[in-house]
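Have a look at the structure below before the remarks.
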Amino acid sequence: MRPPCIDRRTVLRGAGAAVALPFLDAMLPRGLSRAALAAAAESERVARVAFVFFPNGVNTAAWLPGADPSGMWIPSPTLAPLEGLRSEITVFTGLRHRNAEANGDGPGDHARSAACFLTGAQPRKTAGDDIKAGRSIDQTMADEFQRIGRGTRLRSLELGSEPAMTAGSCDSGYSCAYSANISWKSESVPNGKETDPRAAFERIFGRTGEDPERAAARLRSRRSILDGVIAEAGRLSAAVGAGDRMRIDEYLEGVRGLERRLGEDALAELDARSDIPDFGDGPLDMARRLDLLGEVLALAFKTDSTRVATLMLANEGSNRAYREIGVPDGHHDVSHHAGNADKLAHFAAINRFQSERFAAFLRALERTQERGRPLLESTLVLYGGAIADGNRHNHDDLPILLAGGRALGHRGGAIRACEKGTPLCNLHLGVARAAGAEIAAFGDSTGAITPSA
Amino acid sequence: MPLGAAALVGIALAHAADVAVPPELAPLLEAHCVACHEGARAKGGLELASVLASGRVDESVLRALRRRLAKRDMPPADELERPSPGEYRAAVAAIDAVVAPASREVPAVRRLNRAQYAGAVRDVLGAEAGDATALLPRDEIGEGFDTTAATLGLPPLLLEKFLDAAERIAERCVPPESWSERRVIQPERLERRGQGGTSDGIAWLATNGSLSTRFELPHAGKYRVTIEAVGQFAGDENPRLEAFVGRRAIASIGVAARPGAPQVVLGELELSAGTHEVAARFTNDFWDPKNPDPKRRDRNLGIGRVVLEGPIGPTPDTAFERRVAGIAGEGTDAERLRAIASLVGEELFRRPVAGGEVDALLATATGAASAACPAGATPSFDARLRALVTALLVDPRFLLRIETEAGGTARRALPPLELASRLSFFLWSSGPDADLRRLAQSGGLGDSAGIRAQVRRMLADPRAASLARRFATQWLGIDGLDARQLDPQLFPGIDAALLASMQEETERLFLRVVQGASPVRALVEARTTEVDARLAAHYGFAGPEGSGWTVHTVDAARGPGVLGHASVLLATSNPTRTSPVKRGKWVLQALLDDAPPPPPPGVPQLPERPEETNGLPIRELMRLHRENPDCASCHVRMDAIGLAFEGLAADGRLRAGFDARTELPDGTVIDGVVGVAALLAKDRAFERSLARQLLVYALGRGTDDADDALVDHLAQRVSESGEFAVLAEEIAISDAFRTRAGR
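Listed in order, the protein sequences are those of chains S and Y.
Numbering of the first sequence is given in my numbering, commencing with residue -6 and proceeding in unit increments.
Numbering of the second sequence is given in my numbering, commencing with residue 64 and proceeding in unit increments.
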């Protein structure tokens, strides 16, 4: 008689069984998880960066804040939801993404806006056979963190409210991939994004509701599975021509990344069950979905599961109707307001809704404590898009905010008027450096805008 | 896609090699082109006078000219003197003789898309594997389709999803003994029939009605249903709760419990795999507003959480387990696993798996199963089988389609098994079945006749429904229709279920065409359509009862074929109104493969809401639109076609009082949607559009100049025969499909 294996036992609990936390100390090699994290935290300044993107530009009149005599910005209608966080937020003006402009490629400002936002690159105008933008700043930072030994459970985390699009060409001959992604792993591979908050949570903390012992057994067997496929992918890679190796190399990189995570803490650990967000069981509305994604992101930062993340409030060019706030028409349709008062009001209402989501995310970072300090202190959050006026599709004087990061030297409250035409990549570079990624230049940067200045 | 002026300039500045102007081309340029393309004000920045004078031309300019001449859209249609079809053909041939037409080849390594992954999982692992598309993110689209190899990337997030999906699918196909799930539905998530609200964790029924939820069960077995119930009391009875699972009553009780201390209603029962509804019904509502005691006036039923647990006890064998029991035969565990790995591996990898490969797979599976066991314990057969399935589903030989490349530079026929894979992913969105693999290995795909016969067989198979579900929906722009939103105030009652029915109506018509029950032309000419009860009510047909689909003749005012399908009409509308521009663009792009270029930035859009139009009808607004020269060049055609659909509302219903008579720039009158159908009947442009887009879907890449001749050939063959099968056959035997370019 063989001794029973783990899956032979009955895992059904009584009706009173609670949703179990998937984590058990026994699952981890002892001494690696919390102690290692604490030691690492002492020896370095932990910094996190999140990039939050919104599409379709803004109603510029409703966006632009004023300033009081002391130089503090005064909330505009769009930025009113951020009033209580004003001292944490700098408003930037004058920043530009010249590579989101046509530069001879004709229409397609929406596709270019998302593709350029974090890459600074001019995307190739193609319907799909040879997409190409550039490697994005979050990925550049993730690589740098890994290189200097600050790698985390997840290299980076990509989140958004809307999945990839179902229409063929999303914008004027540009592949939809450009409009649905801001994070680019390499110049030809967008990262995709997680749109389901529960799935995002389970990537980091394990399946909610899974029996802990079964979860532990599953993770132990992953290593063997991954070892097997890594060996096989290696053989395949050697067998095909160099030009065809790209997908196999992507595959290898992905599975090696998964395997690396098994060696350390495979899953993150929460202090209390009450930290698990209430995901519910049914469909989520936009606000709830985005706020939950923000909460999961805060938990990912708190548990040092990642240090760089991106969040797309919606896909670029999104034409979603915001009926929940009284906007029956599509977002993109109202962004082309042509001065129509109703459309302007609806457009501003959507922009304000987005500010509310951003405020909720910042509050989650403020609420979430890490070693007794609010996460917001050690997290820089860049918020904005690469279209300024939704009606005109211009890519200069972009709507950009920078929030949080006190411990990294950022002081909010003021409007920073950059010289007109200053590359947004200068700010990306400054943010990356403030977070400890020593990058010489990025995109079309001509220098770095230091958050502490 | 027409090349914009800016692109022409861009290419001209690229300084590619100069070549001699082909002598046969010069007279045509002289006669038809130079008048506009001359000197500093040459149209579109294309200067041809100097080209003719020097006799030299930049290669990229020649390619751009070829594209225009092949499409025959230059000189403009309103020019009096245009080249004859023969002259166009000769000019293109002359250019091809000087500069090889641009060609593309699909990458040798591409990953399965989500639909192909799910198809293979379903075909190899059986029903319990479930719909794997729910476990994976939607693919990015390139060239209009999610089969385009270049856009099917493999970022880390996706690999993680593949690993997670593999584990979940393996657990469903080889469930651990006493495998069980516990699912909790919170009261605010219950579906309500009857009045009431939710407060403090209780969903109240204030009138007779029900609260219900649905569970999707991967496995048959014994399940435990728990419902938390409380009451509010009046009259001389407790509120009555009748609990049902499907049509089976599991409890009928008077609820005595009060909020804060719910009573638990329990039922244990055998359930089949599939969807089951759990419902709590309230049947004895009581309301006596005159009762002197306010607490005795109203009787209500409250429901807390609904919990489903199971299967309880041993899980019955899944279809996959029964099947592998047959494969494995008798013998030791190791021998049985070897037989399974060998066959299931072959099915998933789409080629035989060598002995050494089987050894490695078994070692992986045993290692993975052992790792899950406590130290010293031996993993069970089931645990090893489950690990084997997990390993197979994340294996690069499954997830990646790899085609071996020719050593030389010449094109070369694909090895038979690789051709078999191309065929099955094209026609089935899944891997090849045993028949196809056997035929490939015995040389049966070596000639056109063998390939044609397979195409016929495969189109008759139910798996060919993927052509309707994956190709037609993307081609016609109705994929994911159930996520579309119309304004519920203006269009009440349009929910996800009705939208899904609309999409299915179109898929059914396309499937008839795929299976040869209707000719290809039926797509734009059919006077009958299939509807279910929801759709029939929506269209105002006397429809079927129950859940079936019946054939119905459509009203004369509604367009024939997909032109009158609610799916298409809704997908080409805005949330609040019809969009003649989108509908016109849709006809040009999907049906005529002649998409207009996008509007320049800063162009004002039409008003969205009826009240914003200052009393002008949409037709009048669009006329103003067309008077703007920036818009006119494209909108004259697009708008004329789109306005012909004005008799059909945004939700696809017929509406009266809208003038659907319009005129094309050349004076052709289009009288409603029927007129659009007549326009499509004029020539082969519709067949050419279908042919080219199906070719893109089949090949996994966009088409280029070098494919023009093939597309023309396909259009001709399908026009002559009217059969979809002929089109599919001709694609399958084409060089583009069954050979690969050399390096």
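For glycine and all other residues, C-beta sits at the position ideal for the given N, C-alpha and C.
Remember, it's a predicted structure, so these values are computed and weren't measured experimentally.
Here V732 of chain Y is exposed. Its C-beta has fewer than 16 other C-beta atoms within 10 Å. Contiguous beta strand (DSSP E) elements confined to the region 165 to 221 of chain S occur at 177 to 179, taking only those with 3 or more residues.
By the Cβ rule, the region 248 to 256 of chain Y does not count as touching the region 311 to 320 of chain Y, because fewer than three pairs are nearer than 8 Å. Residue contact check for E230 of chain Y against chain S: a CB pair falls below 8 Å. For P643 of chain Y, there is no enclosing beta strand (DSSP E); the enclosing alpha helix (DSSP H) covers residues P643 to W649. Within the region 146 to 159 of chain S, those residues whose Cβ lies closer than 8 Å to any Cβ of chain Y are, in chain order, R148, E151, P156, A157, M158 and T159. Counting only runs of 3+ residues, the beta strand (DSSP E) found wholly inside the region 318 to 367 of chain S occupies 320 to 323, in chain order.
Here the region 748 to 755 of chain Y makes contact with the region 647 to 657 of chain Y; the two share three or more CB pairs at distances below 8 Å. Looking at the DSSP output, W350 of chain Y sits in a beta bridge with Y:D361. Counting only runs that start and end inside the region 117 to 160 of chain Y, the beta strand (DSSP E) elements of at least 3 residues fall at 119 to 121. Around the beta carbon of K186 of chain S, a 10 Å sphere encloses 16 or more other beta carbons of the protein chains shown; the residue is thus reported as buried. Contact of V301 of chain S with chain Y by beta-carbon distance below 7 Å is absent, the smallest such distance being about 13 Å. DSSP places E690 of chain Y in the helix class (H, G or I) of the three-state scheme. Excluding residues up to 5 positions away in sequence, D595 and A596 lie with their Cβ nearer than 8 Å to the Cβ of S610 of chain Y in the same chain. Annotated as distal: A476 of chain Y and P495 of chain Y, with beta-carbon spacing of 8 Å or more.
For R718 of chain Y, there is no enclosing beta strand (DSSP E), as DSSP marks it with neither H nor E. Of the residues S:M134, S:V84, S:E76 and S:A120, the one whose Cα lies closest to the Cα of F435 of chain S is S:M134. According to DSSP, V318 of chain Y shares a beta bridge with no other residue. Going by beta carbons, Q578 of chain Y and A516 of chain Y fall outside the 8 Å limit. For L290 of chain S, the uninterrupted alpha helix (DSSP H) segment begins and ends at M279 to K295. Of the residues Y:R575, Y:G513 and Y:V161, the one whose Cα lies closest to the Cα of I796 of chain Y is Y:G513.
Residue environment: A431 of chain Y is assigned as buried (16 or more neighbouring CB atoms within 10 Å of its CB, all protein chains considered).
Nearest neighbour of I124 of chain S by Cα position, chosen from Y:G439, Y:V187, Y:T211 and Y:G705, turns out to be Y:T211.
Here K285 of chain Y is bridged, per DSSP, to Y:E333 and Y:I375. The C-beta of C169 of chain S comes closer than 8 Å to at least one C-beta of chain Y. For the pair P139 of chain Y and P643 of chain Y, the Cα-to-Cα distance works out to about 24 Å. For H421 of chain S, the enclosing alpha helix (DSSP H) covers residues L417 to A427. Linking E793 of chain Y to A531 of chain Y through their CA atoms gives a straight-line distance of about 19 Å.
Using a Cβ distance threshold of 8 Å, S154 of chain S and A107 of chain S do not count as a contacting pair. In this structure, T86 of chain S and D390 of chain S form a Cβ contact; the two beta carbons are roughly 6 Å apart against a cut-off of 8 Å. In the assembly as shown, I265 of chain Y is a buried residue. Its beta-carbon has 16 or more other beta-carbons within 10 Å.
Under the 8 Å criterion on CB atoms, Y376 of chain S is classed as non-interfacial with respect to chain Y.
Chain S places a beta carbon closer than 8 Å to that of P459 of chain Y, counting this residue as a contact.
Across the structure, C99 of chain Y and E726 of chain Y are spaced so that their CA atoms are roughly 27 Å apart. In the three-state scheme derived from DSSP, where H, G and I count as helix and E and B as strand, Q132 of chain S is classed as helix.
Taking all protein chains in view, the Cβ of N384 of chain S is crowded by 16 or more other Cβ atoms within 10 Å, so the residue is classified as buried.
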